[in-house]
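Visitor: According to the numbering used here, the residues represented by the sequence shown are 7 to 379, in order.
Glycine included, each C-beta is placed from N, C-alpha and C at the ideal position.
Handing you this structure, nothing more for now.
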Amino acid sequence: MVDLVTQHQKIQAELEDAILSVVRSAAYIKGPDVKLFETELATAIGANHVIGCANGTDALQVALMALDLPADAEIIVPSFNYVATAEVISLLKLTPVFVDVHLDTYQIDVAKIEAAITPKTKVIMPVHLFGQCADMEPILALAAKHNLYVIEDTAQAISAEYTFSDGTVKKAGTMGHVGTTSFFPSKNLGCMGDGGAIFCNDDALADRLKTIANHGQRQLYLFERVGVNSRLDTIQAAVLRVKLRYLDGYNAARQKAADTYRELLAPYSDIIVPATVSNSTHVYHQYVLRLAKGNRNQVKKLMDGYGIPTMIYYPFPLNLQEAFAYLGQGEGLFPISEQLCHEVIALPMHTELSHEQQARIVEHLVKAVQATL
Ligand SMILES: Cc1ncc(COP(=O)(O)O)c(C=O)c1O
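What follows is the structure, encoded as structure tokens:
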């Protein structure tokens, strides 16, 4: 699905120099590269503050903790989604409220958000799924109307751009009150282990986020609130400083690969390629197709047999996962999510794909789909 070895080889000397300089400096915790990376990323994405942390899940948890929500707060998240948002909501003993998504874009369906808002709703957490922005303008308008916070999960869409109706362009994670991201190695901006960051434009909120990620201490050994220990390692920050310089090129390579898939798949109307929209760029963290005909699970098995990796993002809507059974939201409530979970299949997507590889992947996908009709 990814080729991190080839990607690494192309910038190996730069990366290894960066790592070695941290190793030799012994500034392993909160070394100078952390602050430098935070500043460089803030400039790159247009955020006033970037706060490094240990991973993208921690980033979401710290973001929620910083809002000081009441114990009965409800938080809106998409039902077709990675687990992290709902997981941290539940972990903090708050309540996730699922909302269905669009069939074509896979993003949270804004038209269905308002019906899910109750007096207890405090936050909307859009997830910019697979590399494209959720439709932020109406989400922000709804949030303003109901006095809600917006936390954007940008783990899959770093540097994707959203265009507002007045022509303003903003990057994913900088439009709401807080944005979060992950630097998991396979992410568009990935480190060599775990890493994450929180984005924010408000100085007071940034101060709270920073304090919470540091055990709740602003001054050494003065713990003003209960926090967590969530740090971005200096070695990972040094790696990320190097890779940030290549991020635009990496995203362009993914977009080129997506264009190639689109061209190769154009003759096959039953294989539905990811939708593009006019108000968001797509940075193709994943290339997720929908099979309108054929048996997706059999197609996956056949592809495995051909030696071609594919993945199912995601096999079940979150409300149908055992971890969230306690919410009592059974089958049929989020029909689009359920449909997607039966129909989607992700093809390899990364910065190093060749046209030949993609042609081979598509040839076998078409063969597999036809075999299951
Ligand atoms: C949408 C989304 N949110 C959050 C996360 C969590 O990131 P991490 O694995 O760094 O905790 C991921 C990771 O895959 C993700 O895809």
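So what's Arg231 in DSSP terms, helix, strand or just coil?
Guide: Locating residue 231 in the sequence shown gives position 225, where the first residue counts as 1. It is coil, neither helix nor strand.
Visitor: If we ignore side chains and look at the alpha-carbon of each, how far apart do Pro125 and Val289 end up?
Guide: Residue mapping note: residue 125 aligns to position 119 of the sequence shown, counting from 1. Residue mapping note: residue 289 aligns to position 283 of the sequence shown, counting from 1. So the two alpha carbons sit approximately 36 angstroms from each other.
Visitor: Please state the DSSP three-state secondary structure of Glu3.
Guide: Because the chain in this structure spans residues 7 to 379, residue 3 falls outside the shown range and cannot be described.
Visitor: Excluding the 5 residues flanking Glu143 on each side, which residues of the same chain have their C-beta closer than 7 angstroms to its C-beta?
Guide: As a position in the sequence shown, residue 143 is number 137, starting the count at 1. Cβ neighbours of Glu143 beyond the five flanking positions: Phe170, Ser171.
Visitor: Going by the CB atoms, is the gap between Val283 and Leu138 shorter than 9 angstroms?
Guide: Indexing the sequence shown from 1 puts residue 138 at position 132. Indexing the sequence shown from 1 puts residue 283 at position 277. Strictly speaking, residue 138 in this sequence is Gln, with Leu absent from that position. Contact: yes.
Visitor: Can you list, in chain order, the residues of its chain whose CB lies under 8 angstroms from that of His221, leaving out five sequence neighbours each side?
Guide: Numbered from its first residue, the sequence shown carries residue 221 at position 215. Taken in chain order, the residues that qualify are Phe229, Gly233, Val234, Asn235.
Visitor: Under a three-way DSSP split, which group does Thr12 fall into?
Guide: On the sequence shown, residue 12 is found 6 positions in, with the first residue counted as 1. Helix.
Visitor: I'd like the list of long-range same chain contacts for Ala203, defined as Cβ closer than 8 angstroms, with 5 residues on each side in sequence excluded.
Guide: Position 197 of the sequence shown, counted from the first residue, corresponds to residue 203. These residues qualify, in order along the chain: Glu44, Leu47, Val56, Ile57, Gly58, Cys59, Ala65, Thr186, Thr187, Phe189, Leu238.
Visitor: Excluding five sequence neighbours on each side, which residues of the same chain lie with their C-beta closer than 6 angstroms to the C-beta of Asp115?
Guide: Mapped onto the sequence shown, residue 115 falls at position 109. Only Asp106, Val107, His108 meet the Cβ criterion.
Visitor: By the three-class DSSP mapping on this structure, what secondary structure does Ile25 have?
Guide: Within the sequence shown, residue 25 is the residue found at index 19, counting from 1. DSSP places Ile25 in helix when its eight states are reduced to three.
Visitor: Is the CB-CB distance between Met71 and Leu98 below 9 angstroms?
Guide: Against the sequence shown, residue 71 aligns to sequence position 65. Against the sequence shown, residue 98 aligns to sequence position 92. Yes.
Visitor: Just to confirm, does Leu42 get its C-beta within under 8 angstroms of one of the non-hydrogen atoms of ligand 1?
Guide: Here residue 42 refers to the residue found at position 36 when the sequence shown is read from its first residue. Incorrect: Leu42 has no Cβ contact closer than 8 angstroms to ligand 1.
Visitor: Assign Met7 to one of two classes, buried (16 or more other C-beta atoms within 10 Å of its C-beta) or exposed (fewer than that).
Guide: Start at 1 with the first residue of the sequence shown, and residue 7 comes out as number 1. Looking at its Cβ environment, which holds fewer than 16 other Cβ atoms inside 10 Å, Met7 is exposed.
Visitor: Does the count of Cβ pairs from the region 332 to 340 and the region 372 to 379 closer than 8 angstroms reach three?
Guide: Output reads no: the region 372 to 379 does not touch the region 332 to 340.
Visitor: Roughly how many angstroms lie between the CA atoms of Pro102 and Ser192, to the nearest whole one?
Guide: Translated into positions along the sequence shown, residue 102 becomes position 96. Translated into positions along the sequence shown, residue 192 becomes position 186. Answer to the nearest angstrom: the Cα atoms are 27 angstroms apart.
Visitor: Once the 5 residues before and after Lys262 are set aside, which same chain residues still bring their CB inside 6 angstroms of it?
Guide: Taking the sequence shown and counting its residues from 1, one reaches residue 262 at position 256. Answer for Lys262: no residue qualifies.
Visitor: Enumerate in chain order the residues of its own chain whose CB-to-CB distance from Asn257 is below 7 angstroms, with the five nearest sequence positions on each side excluded.
Guide: As a working note, residue 257 is residue 251 in the sequence shown. Excluding sequence neighbours, Asn257 sits near Ser165, Asn194, Val289.
Visitor: With a threshold of 8 angstroms (Cβ to nearest heavy atom), would Gly185 be considered close to ligand 1?
Guide: Here the question's residue 185 lines up with position 179 in the sequence shown. For ligand 1, not one heavy atom lies less than 8 angstroms from the Cβ of Gly185.
Visitor: What are the residues that DSSP puts in a beta bridge with Thr187?
Guide: Residue mapping note: residue 187 aligns to position 181 of the sequence shown, counting from 1. Answer by DSSP bridge pairing, in chain order: Ala203.
Visitor: Strictly by DSSP, which residues pair up with Ile57?
Guide: Your numbering for residue 57 matches position 51 in the sequence shown. In the DSSP output, where bridge partners are listed per residue, Ile57 has Ile204.
Visitor: Can you find a heavy atom of ligand 1 that lies under 8 angstroms from the Cβ of Ser96?
Guide: By 1-based counting over the sequence shown, the position of residue 96 is 90. No, the Cβ of Ser96 stays beyond 8 angstroms of every heavy atom of ligand 1.
Visitor: Please output, in chain order, the residues near ligand 1 using a CB cut-off of less than 6 angstroms to any non-hydrogen atom of the ligand.
Guide: This criterion selects Asn61, Gly62, Thr63, Tyr88, Ala90, Val133, Asp159, Ala161, Gln162, Ser188, Phe190, Asp200, Gly202.
Visitor: When you compare only the Cα positions, how much space is there between Val329 and Thr91?
Guide: In the sequence shown, residue 329 corresponds to position 323, counting from 1. In the sequence shown, residue 91 corresponds to position 85, counting from 1. The sequence as given places Ala at residue 329; Val does not occur at that position. If I take the Cα positions, the gap works out to 13 angstroms.
Visitor: Within 10 angstroms of its Cβ, does His291 collect 16 or more other Cβ (buried), or is it exposed?
Guide: Here residue 291 corresponds to residue number 285 of the sequence shown, with the count starting at 1. Its Cβ being crowded by 16 or more others within 10 Å, His291 is buried.
Visitor: Less than 9 angstroms between the C-beta atoms of Asn325 and Ser85, yes or no?
Guide: In the sequence shown, residue 325 corresponds to position 319, counting from 1. In the sequence shown, residue 85 corresponds to position 79, counting from 1. A contact, by the Cβ cut-off of 9 angstroms.
Visitor: Please go through the same chain and pick out, in chain order, the residues whose beta-carbon is closer than 7 angstroms to the beta-carbon of Ala243, but skip the five residues on each side of it.
Guide: One-based indexing of the sequence shown puts residue 243 at position 237. If we look at Ala243 and ignore the five residues flanking it on each side, its Cβ neighbours are Asp39, Val40, Phe43, Gly58.
Visitor: Within 10 Å of its beta-carbon, does Thr12 have 16 or more other beta-carbons around it, so buried, or fewer, so exposed?
Guide: In the sequence shown, residue 12 corresponds to position 6, counting from 1. Exposed, because fewer than 16 other Cβ atoms sit within 10 Å of the Cβ of Thr12.
Visitor: Counting only runs that start and end within the region 322 to 369, where is the alpha helix (DSSP H) found for 4 or more residues in a row?
Guide: Entirely contained in the region 322 to 369, the alpha helix (DSSP H) runs reaching 4 residues are, in chain order, 341 to 349.
Visitor: For a test of the three-state rule: what should DSSP assign to Ala296, helix, strand or coil?
Guide: Here residue 296 refers to the residue found at position 290 of the sequence shown. Residue identity check: residue 296 is Arg in the sequence provided, not Ala. Correct three-state label for Arg296: strand.
Visitor: What does Phe104 pair with, by DSSP beta-bridge criteria?
Guide: The sequence position of residue 104 within the sequence shown is 98, counting from 1. The partner list for Phe104 (beta bridge, DSSP) reads Val83.
Visitor: Tyr252 to Thr357, Cα distance in whole Å?
Guide: Residue numbering aside, residue 252 sits at position 246 when the sequence shown is read from its first letter. Residue numbering aside, residue 357 sits at position 351 when the sequence shown is read from its first letter. Their backbone Cα atoms lie some 11 angstroms apart in a straight line.
Visitor: Indicate whether Leu100 and Ile130 have their beta-carbon atoms separated by less than 9 angstroms.
Guide: As a first step, residue 100 is located in the sequence shown; it is residue number 94 there, counting from the start. As a first step, residue 130 is located in the sequence shown; it is residue number 124 there, counting from the start. It is not a contact, given that the beta carbons lie outside the stated cut-off.
Visitor: Compare the C-alpha of Tyr112 against each of Gln364, Leu379, Ala352 and name the closest.
Guide: Within the sequence shown, the letter at position 106 stands for residue 112. Among Gln364, Leu379, Ala352, the Cα nearest to that of Tyr112 is on Ala352.
Visitor: Assuming Thr127 is part of the beta strand (DSSP E), what are its boundary residues?
Guide: Residue numbering aside, residue 127 sits at position 121 when the sequence shown is read from its first letter. Looking at the DSSP string, the run of the beta strand (DSSP E) that includes Thr127 is 127 to 130.
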